[in-house]
Each structure stands twice: as C-alpha cells, then as structure tokens.
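Some notes on the structure that comes next.
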Amino acid sequence: MSKSPQAQTRPGYHHGDLRAQLIAAVRDLVETHGPEGFSVAEAARRAGVSSAAPYKHFKDRPELLRAVVSEAMDRLHAAMARGAAAHAPGSLEAIAAIGMAYVDFARGEPGVFRLVFGLTEGHEEDAELIEKGESCLGVVVQAVAVRMGLAPDHATVARKAYMLWAFVHGHSFLTIDMKNKDMGTDTDDWTYLLEISRAVLGPG
C-alpha cells in the first residue's frame with residue numbers, strides 16, 4: 001500500500017500539520033503491522049519528526065490510536081453521506097450507495113476498519129466516538145426514513161436500518177477476511193447491495 005503524501009518523511013513540518021501527519025502515518029502503519037505492531041517512535045519517523053514530537057499532540061499511544069479511529073469515522077460518515085446524495089432520495093440506489101461506501105472503506109483500509117470496529121480499550125465508553133458511530137448509522141436511518149415515508153425515530157425505521165447495517169457490516173468483514181470467496185457466487189457488491197436493500201425495504 002502506498003503511503004499517503006502526509007505520511008511520507010519530510011525534511012521539516014509545520015506545527016499545524018503535525019497532528020494530521022501523525023494520524024496519516026499511523027493509518028499506514030496499522031495497515032502494515034496492525035494496531036499493536038508499531039511504536040509511537042516509528043510513527044514519528046514516518047512523519048519526519050523527533051520521537052518526542054508526537055507527545056505535543058497526544059499523551060500516549062492509545063490516544064494516538066483513538067485519533068486515528070475518530071478521523072476514520074469522520075471520513076466514513078462523509079463517504080456514506082456522499083453515496084446517499086448521489087442518488088434520488090428514497091431510492092434503492094441511494095440505500096445501496098451508502099452500503100457501497102461502507103464496503104469500499106473496508107476494502108481500501110481493512111486495518112483501520114478493523115481498528116474502528118474492534119473498539120480498542122476504553123473506546124466503548126468514549127462519548128465522542130459513540131456519537132460518531134451513531135452519526136454514521138444515522139445516515140442509514142435517514143435514508144430508510146425517506147424511503148418508507150416515516151419519521152427517523154419510528155421503530156420500524158430503526159429496525160430496518162439495523163438490518164441493513166448488519167448485512168453490510170457482515171459482508172464487509174467477510175470480504176476483507178476473504179471468507180466469501182468460495183461461496184459459489186460471482187455477484188458483484190453493487191448488485192448484492194441492491195438485492196439486500198430490496199429484500200429489506202421492498203421493491204420500487
């Protein structure tokens with residue numbers, strides 16, 4: 001996997017960019033070594049700074065990983081929202097596009113995807129990360145509500161949104177773990193997601 005421009009070593013840096021550079025460096029390291037397979041010092045080398053520099057922005061390694069999770073959730077939310085906006089509100093295509101953004105994120109950054117949903121220690125009690133997770137699910141809820149002509153807080157909307165999320169979440173993990181390669185199907189992701197959306201929400 002090629003390094004993002006921010007993660008490449010530079011002869012110098014701007015203080016305002018260091019936090020983003022470190023997050024980008026850790027993203028690359030997570031993809032290569034997993035969340036437990038790198039050090040803060042290694043992330044600093046990737047960012048082109050001293051081993052002490054990260055501690056100006058993060059108190060320790062867990063806080064740095066938390067920042068990676070937070071930034072990834074922001075990007076996932078944005079991708080899901082763009083997917084929905086690319087199609088007519090309430091259409092099956094809009095629903096499927098949200099799922100496609102989710103699957104694409106998992107395929108593109110499987111290490112970070114696992115980190116986000118593995119909930120490293122303490123994240124399950126982190127109010128900000130919980131809110132960001134709910135915001136991602138909220139994209140699905142809103143699209144389902146429009147599709148069904150119901151309020152977003154309607155119990156049926158919540159149930160249908162959860163069903164869609166569970167299908168796509170499971171498909172994403174099966175995909176990146178390569179557990180679905182020998183299932184006897186050559187259905188592409190988009191067709192699969194449309195079929196799931198239709199099965200859960202009805203034709204149209």
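Last residue of the sequence shown: number 204 in full-length UniProt numbering, and the count goes up by one each step with no gaps.
Glycine is no exception: its CB is placed at the ideal position from the N, C-alpha and C atoms.
Only a predicted model underlies this, so the values are computations on that prediction, with no experimental measurement involved.
Asked: Alpha carbon to alpha carbon, how far is Ala166 from Lys59?; Found: 35 Å
Asked: Please report the distance separating the alpha-carbon of Asp17 from that of Ser50.; Found: 15 Å
Asked: Is it buried or exposed, His171, if we count other Cβ atoms within 10 angstroms and call 16 or more buried?; Found: buried
Asked: Please identify the residue among Glu36, Arg75 and Ala127 whose C-alpha is closest to the C-alpha of Val139.; Found: Arg75
Asked: Buried or exposed for His14, going by 16 or more other Cβ atoms inside 10 Å?; Found: Legend: pLDDT at His14 = 47, less than 50; position of this residue unreliable, value from coordinates given subsequently. By the 10 Å Cβ count, His14 comes out exposed.
Asked: Under a Cβ-count criterion, where at least 16 other Cβ atoms within 10 Å of its own Cβ denotes burial, should Gly108 be classed as buried or exposed?; Found: exposed
Asked: Take the Cβ of Pro203 as the centre, count every other Cβ of all protein chains shown within 10 Å, and call the residue buried at 16 or more, exposed below.; Found: exposed
Asked: Verify whether the separation of the beta carbon atoms of residue 222 and Ala47 is less than 8 Å.; Found: Here the chain covers residues 1 to 204 and nothing more, so residue 222 does not appear.
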